[in-house]
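Protein chains in written order, with my numbering: chain W, 139 to 507; chain Y, 4 to 291.
Okay, structure coming up:
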């Protein structure tokens, strides 16, 4: 069954249809389908070894797919060699040619597209302006900082206006401050140029802040595709809930049902009330997923109050993260605004959550919807 | 170990190290120095004592048609060997480092094998093979033999550098639209140049120096420099041999040295000039 991959009836900029990538017996990616809208910013997010980089390399033409189809702008590319695919590629390690200066690095793609010399000079200087490094033409990569090198690499990848920009963990090699700045910059340039971008990262913060769409991957398969809000607020699987934002997962059993309201008795002993998207059957095991940000503590905890004891406190200025032991070897993580006093380790504390502020997973770890 | 006199102990250790080092250097270089010094001896006999300074033996060399012919032969063989071995070696090393194929390990061992097998055995082996297929010994055979001998070293040198060139550079070039051959030419090869030059120089000296295998392979009537020296030694230990030896030393030590210097100057020049060249280009663009 091939999924319908058109986006609002328009031909997607990039389309993966049921691709599989295998190395001998090891299947790195299985049954991967994705349609990218023109001009959108899509992120492949997952832990290392989940197959996200393999997918990026497959569209670049650096990895052969075993089955399925990849097309760029309606043109099937699986059999087209990399140098004819018209893609811009940015690497984690910058990969600027060390023996060529900035001008020759950025001009490289234009040269192989037979752009006239005068146009090359103009386009290169425009690209360098865009990455805010004008006048750096004569510098060698070794004379630039990591952040500057990555800007040049970005300029090199977009200067010839490729159909799709591929970014392979471009921020991972940068230090924390630089990373934040580059994040904003990449997003800005992508918006400005209207280029379709595929971004690979293991960093959920990068994924959430930059993407139009996030593809969460695990062990070679897609766990969920959605907007940042969708994957964060309504994780489709236990993996997504855990990987994005370390959600609390409370195992329990449905004990009573009243329409869409259900009482769940937790493995830790307490009973909580939840609102489910569909009627539950008493006796079925479920997992209640609650984001740390949706767990008020102390007097702010008004519904589903669970008594506990603070195991550890991380004070973050405006807010604090508490690890709260609620008995039955269950620890809840609450990230909450500080109102009044910061609770210390060992103090008794109440924690609660809104019946509608949680997601329910069934026995197999899939979201009940 | 007494901690009370660390300085005294250290001083003695240093003296001993210095003395041993000196002995090793004397041991290594005495024969070479003796050859060079004796080549300027005016005595009729190719040994000590020195009786006076003279360049007559070098003059004799220049008049000796046999020696000059051997020198030319060796030079040509070494040049061809260096060129062919380097070209083949670069391609082989590239394949061995960048591609996965069945039998890669075996091939990689086979390429190195000529460096491990004793030269005499290799010499006899190739000779026997040639006899078996009933071919004459020709200059071509001699060159092929030298290529065989020099190949492992070139492959090893280029391979070592190749491993250090990260694959992303080539991937970046490909993604930007350069074909595989263009990316090799424009990215891989320039980054590989130091190893290519080093390999070529080594191949040249290996060929130029080779004695034992050449003895088996040379066609009748053809002498290379080393075999010429050997045949001259059969007659007498003439001081001419010392002069010839000095020339050999100069060539085999001098060529790599000159090559290294040229390479160093080349990189320095490129670092300094490249930006300026682009500056001019930009100006031209704006003018146009």
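For glycine and all other residues, C-beta sits at the position ideal for the given N, C-alpha and C. Computed from a predicted model, the values in this text were never measured in an experiment.
What are the boundary residues of the beta strand (DSSP E) that residue 215/W is part of?
Premise fails: residue 215/W is in no beta strand (DSSP E) and is neither H nor E.
Within 8 Å of any Cβ in chain Y, is that where the Cβ of residue 161/W sits?
For residue 161/W, the answer is no, since every Cβ of chain Y falls outside 8 Å of its Cβ.
Could you tell me whether the Cβ of residue 133/Y comes closer than 8 Å to any Cβ of chain W?
Closer than 8 Å: no.
Which term fits residue 238/Y, buried or exposed, when burial requires 16 or more other beta carbons within 10 angstroms of its beta carbon?
The residue in question, residue 238/Y, is exposed, as its Cβ has fewer than 16 Cβ neighbours within 10 Å.
Quick check on the burial criterion: 16 or more other C-beta atoms within 10 angstroms. Buried or exposed for residue 18/Y?
By the neighbour-count rule (16 or more Cβ atoms within 10 Å), residue 18/Y is not buried but exposed.
What first and last residue would you give for the beta strand (DSSP E) that runs through residue 478/W?
Residue 478/W -> no beta strand (DSSP E), and no H or E assigned at all.
Strictly under 8 Å for the Cβ-Cβ distance: is residue 151/W near chain Y by that measure?
Output row for residue 151/W: interface = no.
Taking the CB atoms as reference points, tell me whether residue 206/Y and residue 135/Y lie closer together than 8 Å.
In this structure, residue 135/Y does not lie closer than 8 Å to residue 206/Y by Cβ.
Determine the extent of the beta strand (DSSP E) in which residue 243/W is found, giving its start and end residues.
Not the beta strand (DSSP E): residue 243/W falls in the alpha helix (DSSP H), residues 240 to 249.
What span of residues does the alpha helix (DSSP H) with residue 155/Y cover, start to end?
Counting along the chain, the alpha helix (DSSP H) containing residue 155/Y begins and ends at 142 to 167.
Are the beta-carbon atoms of residue 161/Y and residue 250/Y separated by less than 8 Å?
In this structure, residue 250/Y does not lie closer than 8 Å to residue 161/Y by Cβ.
Report all residues from its chain with a CB closer than 8 Å to the CB of residue 122/Y; omit the five preceding and five following residues, and keep chain order.
Here the set comprises 152, 213, 215, 216.
Given a limit of 7 Å on CB to CB distance, which residues of the stretch 243 to 262 of chain W reach chain A?
This model lacks chain A altogether; the protein chains it does include are W and Y.
Listed in chain order, which residues of the stretch 142 to 164 of chain Y have Cβ atoms closer than 8 Å to some Cβ of chain W?
Per Cβ criterion, the list is empty.
Alpha carbon to alpha carbon, how far is residue 149/W from residue 255/W? Give it in angstroms, no decimals.
Cα to Cα, the separation comes out at about 34 Å.
Just to confirm the assignment, what range does the beta strand (DSSP E) spanning residue 351/W have?
351 to 356 is the extent of the beta strand (DSSP E) around residue 351/W.
Does the beta carbon of residue 50/Y sit closer than 8 Å to a beta carbon anywhere in chain W?
Not one chain W Cβ lies under 8 Å of residue 50/Y.
With distances taken between CB atoms, is the gap from residue 77/Y to residue 219/Y smaller than 8 Å?
Their beta carbons are not under 8 Å apart, which means residue 77/Y does not touch residue 219/Y by this criterion.
Can you tell me where the beta strand (DSSP E) with residue 360/W in it begins and where it stops?
Here the beta strand (DSSP E) through residue 360/W covers 359 to 364.
Could you give the DSSP three-state label for residue 398/W: helix, strand or coil?
In the structure shown, residue 398/W sits in coil (DSSP, three-state: anything other than H, G, I, E or B).
Under 8 Å between C-beta atoms, does residue 488/W make it to chain Y?
It does not: the Cβ of residue 488/W has no partner Cβ on chain Y nearer than 8 Å.
Could you confirm whether any beta carbon from chain W is found closer than 8 Å to the beta carbon of residue 197/Y?
Not an interface residue.
8 Å is my cut-off, CB to CB: does residue 176/Y come that close to chain W?
Chain W, which has a Cβ nearer than 8 Å to the Cβ of residue 176/Y, makes this yes.
Please name the residue in 264/Y, 256/Y, 244/Y, 105/Y whose C-alpha comes closest to that of residue 43/Y.
When only C-alpha atoms are compared, the closest one is 244/Y.
For a quick check, are the C-beta atoms of residue 181/W and residue 352/W less than 8 Å apart?
Cβ distance < 8 Å, so residue 181/W and residue 352/W count as in contact.
Of all Cβ atoms in chain Y, is any one closer than 8 Å to the Cβ of residue 231/W?
Output row for residue 231/W: interface = yes.
Going by CA-CA distance only, name the one from 251/W, 334/W, 325/W, 238/W that's closest to residue 287/W.
Answer by Cα proximity: 238/W.
Got a sec, what are the start and stop residues for the alpha helix (DSSP H) residue 76/Y sits in?
Per DSSP, residue 76/Y belongs to the alpha helix (DSSP H) from 68 to 101.
Let me know the secondary structure DSSP gives residue 116/Y once reduced to three states.
Looking at residue 116/Y - three-state DSSP - the assignment turns out to be helix.
May I have the straight-line CA-CA distance separating residue 506/W from residue 321/W, to the nearest angstrom?
Roughly 34 Å between the two C-alpha positions.
Residue 59/Y: buried (16+ other C-beta within 10 angstroms of its C-beta) or exposed?
Exposed is the call here.
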